[in-house]
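*Asks:*
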Amino acid sequence: MKGGQVSLDRRPVLRGIDLTIEPGEVVSVLGANGSGKSTLIRALLGLTPLTGGTTLLYGRPPARFRDWRRIGYVPQRLSVGGGVPTTIREVVASGRIARQRRFRPTSAADREATERALAAVGMTGRAGDPVQALSGGQQQRVLIARALAGEPDTYVMDEPTAGVDADSQQLLADTLSALVSQGRTVLLVAHELGPLEPLITRAVVLRDGCVCHDGPPPRAVGAHALPGHDHVHPHAEENPVSTLDWRPTP
Amino acid sequence: MIELLSLGLMRRALIAALLVGLAAPAIGTFIVQRRLALLGDGIGHVALTGVALGFLTGTAPVLTAVAVSVLGAVTIELVRARGRTSGDVALALLFYGGIAGGALLISLAPGGSNTTLMSYLFGSISSVTSQDVWAIGLLAAAVLGVVAVFGRELYVLCQDEEVARASGLPVRFLSLLIAVTAALTVVIAMRVVGLLLVSALMVVPVATSQQFTRGFRATMLLSMVFGVLATVGGLTSSFYVEVPPGAIIVVVALAGFVLALGLGRFVRRSRSQESTP
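Protein chains in written order, with this note's numbering: chain A, 231 to 480; chain B, 80 to 356.
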């Protein structure tokens, strides 16, 4: 993206963002509520129109981009819509859509990929259950499985950790580290990184619609870096505030 | 039943009812998932203007109804996608415009009066000609064909429009396709249950089958079964009892829903006992 600007209801949300994601990177977009994180990744994909600047997907503008199978988008929430029941397997299988042709029936490869994706998020046993019956964290897993089923090169995830229980967060971290070891690119929006933290190779911090930090993720120092360290801050104000202890700006 | 089928008129009516019972819930499942349950009503009102236009110009009302309702459906979709007016206000505007336009145009037509419109508003399956049956058959095949060919894409679209876009699906084309298919369904069902009750056949069987199913595909298939049961069952009973077929079809569908509501709770309870022993 070059000089990307977005306004929603005439209110500027992104004010000139330059951002290039290289293949193999694991980029996390951080920032306070309302700093434009979700808008940024949606604008990158062309889901939200730019009011200024340009965005390119693998070198082409979104309107002329044809290789959508290379991108797996994980939205923030599963939209339950009008409430027609749908099974976990149906949702996950729909992740294959960018690889399917209109007049071809579902292939064996489609079915295999769906089963692999279900297994990766530990949902094989519940594949026939309606998604409406799942908790927020479980629905998040289903959404990730849908992206996995499409076998894309790049994963774009909007708040995959928000409102997700610790088990699901750990599972997400394990899934992501497997993807990263396969050389996949990941761009995710996060409020808190939690168990994802060691995977991130680059952090982009947004404030008021501008990039205020772009580079290696803020590393924890000293005891913070040790595994098993539990974050107990008896006197939080007196402690030197590490960049990891980032808090929303009021 | 044999004596029923021996009547040419009744045979044609039954074929029409069967086709409508299959097609309306099939597209209806997608419409309900998209939260557009009243779309069918909106298109139905607009179609009335089309019917009146047919009388005014001396063309077949079915043809003008197809043209005008497709136009209306496309308008609804464009207004919805722009998001300028909220969806329900846009629909309301079309409701009023459609009825007023229909009443106005029919009064201008030679020999036309509001009673002419009555058979379209409430259906007149007993006056279905073999030509009508062919038209209904073709349109129903088109609707079911769209669902069969584009079903996978429409499913993704109805689940989440942004994901559909990020999967490279032609979102605008698919949205218009749903609207146009709904318009065709309205015209097919117009002769069977009437324009005022068209939407019931798109929505009620889906609501009924939701009580029993867990999956989208299962919901759609079961709703088609319920749709056929309602149309064919309603029509058959109207042969024995002197009641308007359109009304009895919808009453049968609604009775099925109420029954399913009770049964569905029972089914779900025994299921949850199964999964958590």
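All C-beta atoms, glycine included, are put in the ideal place defined by N, C-alpha and C.
Of the residues that make up the stretch 233 to 249 of chain B, which ones have a beta carbon closer than 9 Å to any beta carbon in chain A?
*Replies:* Y234, V235, C237, Q238, D239, E240, E241, V242, A243, R244, A245, S246, G247 and L248
*Asks:* Which two residues bound the contiguous alpha helix (DSSP H) that contains B/M197?
*Replies:* N193 to F201
*Asks:* Please compile the residues from chain A whose C-beta is within a distance smaller than 7 Å of the C-beta of B/R293.
*Replies:* P315, T317, G358, D359 and P360
*Asks:* Run through DSSP, which three-state label would B/M269 get?
*Replies:* helix
*Asks:* Quick check: what's the CA-CA separation for A/I374 versus A/R299?
*Replies:* Spanning the two alpha carbons is a distance of roughly 15 Å.
*Asks:* Could you spell out where the beta strand (DSSP E) holding A/H421 opens and where it closes?
*Replies:* Segment: none, A/H421 is in no beta strand (DSSP E) and carries neither H nor E.
*Asks:* Per DSSP, B/V207 is paired with what?
*Replies:* Looking at the DSSP assignment, B/V207 forms no beta bridge with any residue, so it has no partner.
*Asks:* In whole angstroms, give me the CA-to-CA distance for A/A396 and A/L270.
*Replies:* Each residue's Cα considered, the two are about 27 Å apart.
*Asks:* So is A/Y303 buried or exposed if we call it buried at 16+ other beta carbons inside 10 Å?
*Replies:* buried
*Asks:* Taking a cut of 7 Å between CB atoms, which residues from the stretch 100 to 114 of chain B lie near chain A?
*Replies:* Taking 7 Å as the Cβ-Cβ cut-off against chain A, the residues of the stretch 100 to 114 of chain B that qualify are T108, V111, Q112, R113 and R114.
*Asks:* Listing by chain order, which chain B residues have their CB less than 7 Å from the CB of A/P305?
*Replies:* Under the 7 Å cutoff, chain B gives D239, E241 and V242.
*Asks:* For A/Y288, which of helix, strand or coil comes out of DSSP?
*Replies:* coil
*Asks:* Report yes if the CB atom of A/V321 is closer than 8 Å to the CB atom of A/R376, and no otherwise.
*Replies:* With contacts defined by Cβ atoms closer than 8 Å, A/V321 and A/R376 form a contacting pair.
*Asks:* Taking the C-alpha atoms as reference points, what is the distance between B/A309 and A/Q306?
*Replies:* 40 Å
*Asks:* Measure how close the beta-carbons of B/V265 and B/G123 come, nearest whole angstrom, since I'm counting them as under 8 Å.
*Replies:* 5 Å
*Asks:* Between the beta-carbon of A/L406 and the beta-carbon of A/V419, is there less than 8 Å?
*Replies:* Contact annotation: A/L406 and A/V419 have beta-carbon atoms that are not nearer than 8 Å.
*Asks:* Is there a Cβ of chain B sitting closer than 8 Å to that of A/Q370, yes or no?
*Replies:* no
*Asks:* What residues in its chain sit with their C-beta under 7 Å from that of B/L256, if we drop five residues either side in the sequence?
*Replies:* Around B/L256: V225 and F229.
*Asks:* Considering only the beta carbon of each residue, do A/C440 and A/R241 sit closer than 8 Å?
*Replies:* No, they are not a contact pair.
*Asks:* Using DSSP with H/G/I as helix, E/B as strand and the rest coil, what is B/R251?
*Replies:* helix
*Asks:* Going by the DSSP bridge assignment, what does A/T317 pair with across the sheet?
*Replies:* A/P360
*Asks:* In whole angstroms, what separates the C-alpha of A/S337 from that of A/T354?
*Replies:* 19 Å
*Asks:* When the cut-off is 8 Å and only beta carbons count, does A/E342 lie next to chain B?
*Replies:* no
*Asks:* Pick out whichever of B/R348, B/A286, B/T287 and B/G247 has its Cα sitting closest to the Cα of A/A293.
*Replies:* B/G247
*Asks:* If you draw a straight line from the C-alpha of A/T263 to the C-alpha of A/R334, how long is it?
*Replies:* Checking the sequence, you will find Asn at residue 263 of chain A rather than Thr. C-alpha separation (whole angstroms): 43 Å.
*Asks:* Tell me, to the nearest whole angstrom, how far the beta carbon of B/V147 is from that of B/G121; I am working on the premise that it is less than 8 Å.
*Replies:* In fact, because the Cβ distance is near 12 Å, the residues do not count as touching under 8 Å.
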